[in-house]
Amino acid sequence: MKQLYSCFLKERLALIPALLFILVSSRVNAQTESDALMIPKNYLCVDAMYSYSSWDHYWEGTFKRNNLNLGTVSTNMYGLMLNYGITNNLNIIAGAPYVTTHASAGTLAGMKGVQDLTATIKWRALTFRSGNNRISAFAIGSGVLPLTNYVSDFLPMSIGLHARSVMLRGMIDYQFKHFFVTGSGMYNLRDNITIDRDAYYTTTMVYSNQVDMPNVRSFNARLGYRSSAFIAEAMIENNTTLGGFDIRKNDMPFPSNKMNATAAGVNFKYSLKSGFEFMVGGSRVLAGRNVGQSNMIHGGVNYLFSLKGKNNKQSQSKPQQKS
Amino acid sequence: MSAKFNIIIFSLITGIVYCSCKKDIKERTNEYPALTPKNIDVNADTWKPVLLTGFSDLTVATPDAVNSPAYLADLNEIKALQSNITAEQKAIVNYWSAGSVLRWNEILRELVAKHNIPPYQNEDGTYPAPSSANPFAYPQFPFSNPPYAARSYAYISAAQYDALIAAWKFKKTYNRAAPYKNDANIQALIPKSDLPAYPSEDGVVAGTVVELMKLLFPTEIAFIEQKASEEKLYRMISGANTRSDWDAGVSLGKQVAAKFTTRARADRAGAAIGTPTIWAQLESQTAATGEMPWISLENPKRPPMLPLFGKVEPFLFDQATVATLRPGPPPSTKSDQFKKEADEVLYYCKNVTRERNAQVAFWADGAGTYTPAGHWDAIAADEFVKENWSEVRWARNMALLNMAMMDAVIVCWDTKYYYFNPRPSQFDTEIKTLTGIPNFPSYTSGHSNFSAAAATVLTHLLPERGTKFSDLAQSAAMSRLYGGIHYRTDCEVGLVTGAKVGQYAVNRAKTDGAE
Numbered sequence: 001m002k003q004l005y006s007c008f009l010k011e012r013l014a015l016i017p018a019l020l021f022i023l024v025s026s027r028v029n030a031q032t033e034s035d036a037l038m039i040p041k042n043y044l045c046v047d048a049m050y051s052y053s054s055w056d057h058y059w060e061g062t063f064k065r066n067n068l069n070l071g072t073v074s075t076n077m078y079g080l081m082l083n084y085g086i087t088n089n090l091n092i093i094a095g096a097p098y099v100t101t102h103a104s105a106g107t108l109a110g111m112k113g114v115q116d117l118t119a120t121i122k123w124r125a126l127t128f129r130s131g132n133n134r135i136s137a138f139a140i141g142s143g144v145l146p147l148t149n150y151v152s153d154f155l156p157m158s159i160g161l162h163a164r165s166v167m168l169r170g171m172i173d174y175q176f177k178h179f180f181v182t183g184s185g186m187y188n189l190r191d192n193i194t195i196d197r198d199a200y201y202t203t204t205m206v207y208s209n210q211v212d213m214p215n216v217r218s219f220n221a222r223l224g225y226r227s228s229a230f231i232a233e234a235m236i237e238n239n240t241t242l243g244g245f246d247i248r249k250n251d252m253p254f255p256s257n258k259m260n261a262t263a264a265g266v267n268f269k270y271s272l273k274s275g276f277e278f279m280v281g282g283s284r285v286l287a288g289r290n291v292g293q294s295n296m297i298h299g300g301v302n303y304l305f306s307l308k309g310k311n312n313k314q315s316q317s318k319p320q321q322k323s
Numbered sequence: 001m002s003a004k005f006n007i008i009i010f011s012l013i014t015g016i017v018y019c020s021c022k023k024d025i026k027e028r029t030n031e032y033p034a035l036t037p038k039n040i041d042v043n044a045d046t047w048k049p050v051l052l053t054g055f056s057d058l059t060v061a062t063p064d065a066v067n068s069p070a071y072l073a074d075l076n077e078i079k080a081l082q083s084n085i086t087a088e089q090k091a092i093v094n095y096w097s098a099g100s101v102l103r104w105n106e107i108l109r110e111l112v113a114k115h116n117i118p119p120y121q122n123e124d125g126t127y128p129a130p131s132s133a134n135p136f137a138y139p140q141f142p143f144s145n146p147p148y149a150a151r152s153y154a155y156i157s158a159a160q161y162d163a164l165i166a167a168w169k170f171k172k173t174y175n176r177a178a179p180y181k182n183d184a185n186i187q188a189l190i191p192k193s194d195l196p197a198y199p200s201e202d203g204v205v206a207g208t209v210v211e212l213m214k215l216l217f218p219t220e221i222a223f224i225e226q227k228a229s230e231e232k233l234y235r236m237i238s239g240a241n242t243r244s245d246w247d248a249g250v251s252l253g254k255q256v257a258a259k260f261t262t263r264a265r266a267d268r269a270g271a272a273i274g275t276p277t278i279w280a281q282l283e284s285q286t287a288a289t290g291e292m293p294w295i296s297l298e299n300p301k302r303p304p305m306l307p308l309f310g311k312v313e314p315f316l317f318d319q320a321t322v323a324t325l326r327p328g329p330p331p332s333t334k335s336d337q338f339k340k341e342a343d344e345v346l347y348y349c350k351n352v353t354r355e356r357n358a359q360v361a362f363w364a365d366g367a368g369t370y371t372p373a374g375h376w377d378a379i380a381a382d383e384f385v386k387e388n389w390s391e392v393r394w395a396r397n398m399a400l401l402n403m404a405m406m407d408a409v410i411v412c413w414d415t416k417y418y419y420f421n422p423r424p425s426q427f428d429t430e431i432k433t434l435t436g437i438p439n440f441p442s443y444t445s446g447h448s449n450f451s452a453a454a455a456t457v458l459t460h461l462l463p464e465r466g467t468k469f470s471d472l473a474q475s476a477a478m479s480r481l482y483g484g485i486h487y488r489t490d491c492e493v494g495l496v497t498g499a500k501v502g503q504y505a506v507n508r509a510k511t512d513g514a515e
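Chains as they are written, first to last, in UniProt numbering: chain A, 1 to 323; chain B, 1 to 515.
So, in structure tokens, the structure goes:
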């Protein structure tokens, strides 16, 4: 059975685009932490990626509408990510995006800036093999740390929610020959955020510049074809905010809104023997609450190489090997 | 590496990050101490009221004697309450003991924020208007936008002030002390006061709100009643009032508030929304002068916010004075000066700093907030709680502040619709804003008027704060330029006019008998 040493698939960033009215698309590792790909010990994968997402309809609570004072709200994300194999079963991943937002109508200013660092430890804890079948279990933990003092309380134009958070994910991957299915569940604990106002209204008045950010639960499922050179997959993801409140009719969004979204997408990756990999994909929000109905496309290039030095040329040039 | 080692690293890192998360949010309004007036202002019945012309048409029944069976029954009710105080009741005592005028002002701020959402458009691109005759239908009545909110704060504050002046009069007339003074077995759970308890000052304050809310926030009557019943419980549990003290207070508060309701029904605010004919006239008459008229930057175009609010009857001067306070015209939209000022707005929009952005956000006071007047009430409350004033002085000072802001917005709205000046983003579509673009003309800035009026009053009341309030007003005014929604002239002239209006309140304060 072939063992894949690919870098992550790339739609990481946007998967969640919906999650935040806007932006959560922004998390650079969103994909990597929910795919079952590992790179081998002492390998480093450098990843440059780009994504574009946009929406012209959104949900205020359950009320779906457009807004001619926003037109189409779009987000560009430029991400850089590193993935390193501490062991064949333990990878660390770190990345951060630069994000810009824009509204095609109305007067609201777009925003831009470096958003959050996401650092992930991905551990393949168990692997069972039987003939052409292989089942792997993963435990994945991520920390999110805003890198700049960007404005979170200006939705939908903010580039992020500026919440420190911790994400814990459990994942199971089953592979039969070249076909696979992966399922995972994630819990995202979010810290309070600080805004520039010292009082705000949610469902009551709060006299503080601190905002209690509800936690988020996420499920992700993907299935497809996986070989050493090519991956094609379909994916569906649901994010549910555990708490938070609805945007009232014609009100402004707020960082602690109940932002829910179900998105589906496809991803493709092609790997060259040189260590270069190319990825493209897209996704669409199918249903949501207090989020934009985003369409997202992404593309990226990885370069995978060994840090072991010249005498390791063999594995550098052929990273997709049996383990 | 071993699996064991992997596990250790994994748990260590996730554990560290996890532990750093989630703290309870502390609200500063929950930290306010119990009100302990350093002076009970025993002669407040001689202070100059806003509307009252005497006390002869107010009825407060002679209270039961302290040795009467009825009064003893009231005391026993308090003892029963005090014998079994729940944690929830303790929290109620803790909350309300900070002061009645303070807490009702906070409650009003919350309701303003809740109802401060512009209506969603109809299918045909027109906009529905809230109807006081059918307040629960969408869009609910009211849309508590800045002028509506300023007027609400002013009416409630002024009514509370007048009602408390009357309360002081009847307190002295009847001179019935607090339960904790009449019965040694009743504890005082709040600081003791020598002020007679009948009628209850807290009851008076609550009664004014209950009565005025029928007009101002008719969908919130049940909520207000529930808050009032909490406050009543607080007064009784804390040993400060009997049921009869409270009820007499509510009755008096309602009587005084009714006079303000009568005034409010006739102050022309109800017609301030204008008509389609008036909206069209405003545009055509400005265009006829050769100036660029304001147009709504919303899509679909929304009628201008309360174009006739400048005709509303002010509290501190008569309506005829409004036009005399109106500043001269802004730079012509055809002038180099105007272009230069628009270019300055564009500069700030292209060169955003984090500090200026924070300033814009802090003072945004847009949809879903308690509006600029509420913001200044919040600023004032944070200072007033340090002063340990009597309830009547609290009410007097909030009334001065809020009457000044209401009158400032009347003058400001008169100015806005007299000149009908375009917003920067209308003049130059390159100008993008860091806050929502308000749907009314530019000249002069509402924030600047509100803030200068408030700062003038607050600086008079608390001179030892130095330039604190005028600095805040300056910051509020400039935030509108930095946010891309006002020209510098709008802000600077607005500050001057607002200060002039505030001075009327200061002049009143100097002669109302309280200083």
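Don't be surprised by glycine CBs; every beta carbon is placed ideally from N, CA and C. On a predicted model such as this, the values are computed, not experimentally measured, just so you know.
Contact holds between the stretch 442-456 of chain B and the stretch 412-427 of chain B, because three or more Cβ pairs, one in each stretch, are under 8 Å apart.
Here the C-alpha atom of P33 (chain B) lies approximately 9 Å from the C-alpha atom of G99 (chain B). Here DSSP, grouped into helix, strand and coil, assigns N76 (chain B) to helix.
For the pair A158 (chain B) and A399 (chain B), the CB atoms are nearer than the 8 Å cut-off.
If you look at V99 (chain A), you'll find it in the beta strand (DSSP E) that goes 90-103. Using a Cβ-Cβ cut-off of 8 Å, M279 (chain A) does not count as an interface residue toward chain B, since no Cβ of chain B sits closer than that to its own. In the structure shown, the three-state DSSP call for T369 (chain B) is coil. Just measuring C-alpha positions, the residue of B:N185, B:V352, B:C491 sitting nearest R480 (chain B) is B:C491. Boundaries cannot be given for A44 (chain B), as no alpha helix (DSSP H) includes it and DSSP labels it neither H nor E. Judged by DSSP secondary structure, F260 (chain B) falls within the alpha helix (DSSP H) whose first and last residues are 243-265. Distance between Q285 (chain B) and K339 (chain B), taken at the CA atoms: about 22 Å. Within the stretch 86-151 of chain B, the runs of alpha helix (DSSP H) that reach at least 4 residues and sit entirely inside it are, in chain order, 87-96, 100-115.
Chain order gives the chain B residues near K249 (chain A) as I117, P119, Y120, Y138, P139, where near means a beta carbon separation below 9 Å. Secondary structure of Y303 (chain A) (DSSP, three-state): strand. Around S34 (chain A), the same chain offers S184, N220 as residues with beta carbons nearer than 6 Å, after the five sequence neighbours per side are excluded. Put simply, the CB of D153 (chain A) is near chain B, with a gap under 8 Å to one of its CB atoms. For Y207 (chain A), the chain B residues whose C-beta falls within less than 7 Å of its own C-beta are E27, R28, T29, listed in chain order. Chain B places a beta carbon closer than 8 Å to that of L108 (chain A), counting this residue as a contact. With the criterion set as a beta carbon lying under 8 Å from some beta carbon of chain A, the members of the stretch 83-116 of chain B are E106, R109, E110, A113, K114, in sequence order. For F427 (chain B), the enclosing alpha helix (DSSP H) starts and ends at 424-427.
Distance between P156 (chain A) and T371 (chain B), taken at the CA atoms: about 21 Å. The C-alpha of F141 (chain B) lies about 27 Å from the C-alpha of E283 (chain B). Beta-bridge analysis with DSSP links E237 (chain A) to A:N220, A:A263.
A272 (chain B) sits in coil when the DSSP states are folded into three classes, being neither helix nor strand. Along the stretch 196-228 of chain A, the positions whose C-beta sits under 8 Å from a C-beta of chain B are D196, R197, D198, A199, Y200, Y201, T204, M205, V206, Y207, S208, Q210, V211, D212, read in chain order.
A straight-line Cα-Cα distance of about 17 Å links Q503 (chain B) and G466 (chain B).
In the DSSP assignment, M81 (chain A) falls within the beta strand (DSSP E) that extends over 73-87. Under the 8 Å criterion on CB atoms, L68 (chain A) is classed as interfacial with respect to chain B. Residue environment analysis places E88 (chain B) among the exposed positions, since fewer than 16 neighbouring C-beta atoms fall within 10 angstroms of its C-beta. Interface criterion not met: the Cβ of N83 (chain A) is under 8 Å from no Cβ in chain B. For the pair T194 (chain A) and M213 (chain A), the Cα-to-Cα distance works out to about 10 Å. By the neighbour-count definition (other C-beta atoms within 10 Å, threshold 16), A222 (chain B) is an exposed residue. Distance check between T62 (chain A) and each of A:G299, A:G300, A:V99, A:R289 places A:R289 closest, using alpha-carbon atoms only. Taking C-beta separations shorter than 7 Å and ignoring five residues to either side along the sequence, the partners of I273 (chain B) in its chain run A129, L306, following chain order.
For I224 (chain B), the uninterrupted alpha helix (DSSP H) run begins and ends at 221-237, by DSSP. Annotation: A473 (chain B) to A137 (chain A) spans about 60 Å, alpha carbon to alpha carbon.
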